[in-house]
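K.L.:
Position 81 of the sequence shown, counting from 1, maps to 81 under the UniProt record's numbering, and the rest follow consecutively. For every residue, glycine included, the Cβ atom is placed at its ideal position computed from N, Cα and C. Before we start, here is the structure in question, set down as C-alpha cells.
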Amino acid sequence: MSPIKELSLVYDPINESNTFTNGDVLNGRVFFEVTKEVKIESLYIKCKGEAHVHWSEGDSDNRSSYSAYERYFKLKQYFMQDPSKKGTGEPGVILTCGEI
1 MSPIKELSLV YDPINESNTF TNGDVLNGRV FFEVTKEVKI ESLYIKCKGE AHVHWSEGDS
61 DNRSSYSAYE RYFKLKQYFM QDPSKKGTGE PGVILTCGEI
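Put into C-alpha cells, the structure is as follows:
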C-alpha cells in the first residue's frame, strides 16, 4: 500500500472563466498526506499548456476545414530536492507522517 494517502494540486484562477492566456502567471499549491515516514530524493511537477482548435466553414458543396495547435509552455518545476543527493538515487528528504 502506498504511504501517500492523499495528493492534490490546486491552482488559483485568475478570472471568472478560469482560463489562461500566453504570458499569464500560474500560482497554486500542492498538498499531500502520508501515512508513514517517506524518504524521497525529489518532488516535482510537470506541466504543459496547449491549445487545439478545429472548425469548418461553408456548405456541403464548398466546405473548408481549418485547424491549429499552439504550445504555450512545457516545464518541470521542483518543489523539493536535496542538492547533495541529486542524481545519486539515494533518498535525500524525509517526510514525516501527517499533512504537508
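1. Roughly how many angstroms separate the alpha carbons of asparagine 62 and isoleucine 45, rounded to a whole number?
2. Exposed or buried, valine 10, counting other C-beta atoms within 10 Å across all chains shown (16 or more means buried)?
3. Where does proline 91 land, buried or exposed, given buried means 16+ other C-beta within 10 angstroms?
4. Could you tell me the boundaries of the beta strand (DSSP E) in which residue 139 lies?
5. Output needed for arginine 71: all residues of its chain with C-beta closer than 6 Å, excluding positions within five of it in sequence on either side, in chain order.
6. Relative to the C-alpha of glycine 23, which residue among Ile14, Tyr66, Val30 and Phe31 is closest?
7. Which word fits valine 34, buried or exposed, when buried means at least 16 other C-beta atoms lie within 10 angstroms of its C-beta?
8. For valine 53, I'd like the list of residues in its chain whose CB is within less than 6 Å of its CB, leaving aside the five on either flank, ordered along the chain.
9. Mind checking which residues open and close the beta strand (DSSP E) that includes isoleucine 28?
10. Would you identify the three-state DSSP class for isoleucine 4, choosing helix, strand or coil?
P.N.:
With the structure as the only source:
1. The C-alpha of isoleucine 45 is placed about 46 Å away from the C-alpha of asparagine 62.
2. Valine 10 is exposed by the Cβ-count criterion.
3. Note that proline 91 scores 49 on pLDDT, short of 50, meaning its location in the model is unreliable; the coordinates nonetheless yield the value given after this. Per the 10 Å Cβ criterion, exposed.
4. In the structure as shown, the chain begins at 1 and stops at 100. Residue 139 is therefore absent and cannot be evaluated.
5. Answer for arginine 71: Glu50, listed in chain order.
6. Of all alpha-carbon atoms in Ile14, Tyr66, Val30 and Phe31, the one lying nearest the alpha-carbon of glycine 23 is that of Ile14.
7. When all chains shown are included, valine 34 counts as buried.
8. Only residues of its own chain outside the window of five on either side were considered, and among them Ala68 have a CB closer than 6 Å to the CB of valine 53, listed in chain order.
9. Correcting the residue identity first, residue 28 is glycine in this sequence and not isoleucine. Segment 28-34, the beta strand (DSSP E) holding glycine 28.
10. Assignment of isoleucine 4 by DSSP, reduced to helix, strand and coil, places it in the strand class.
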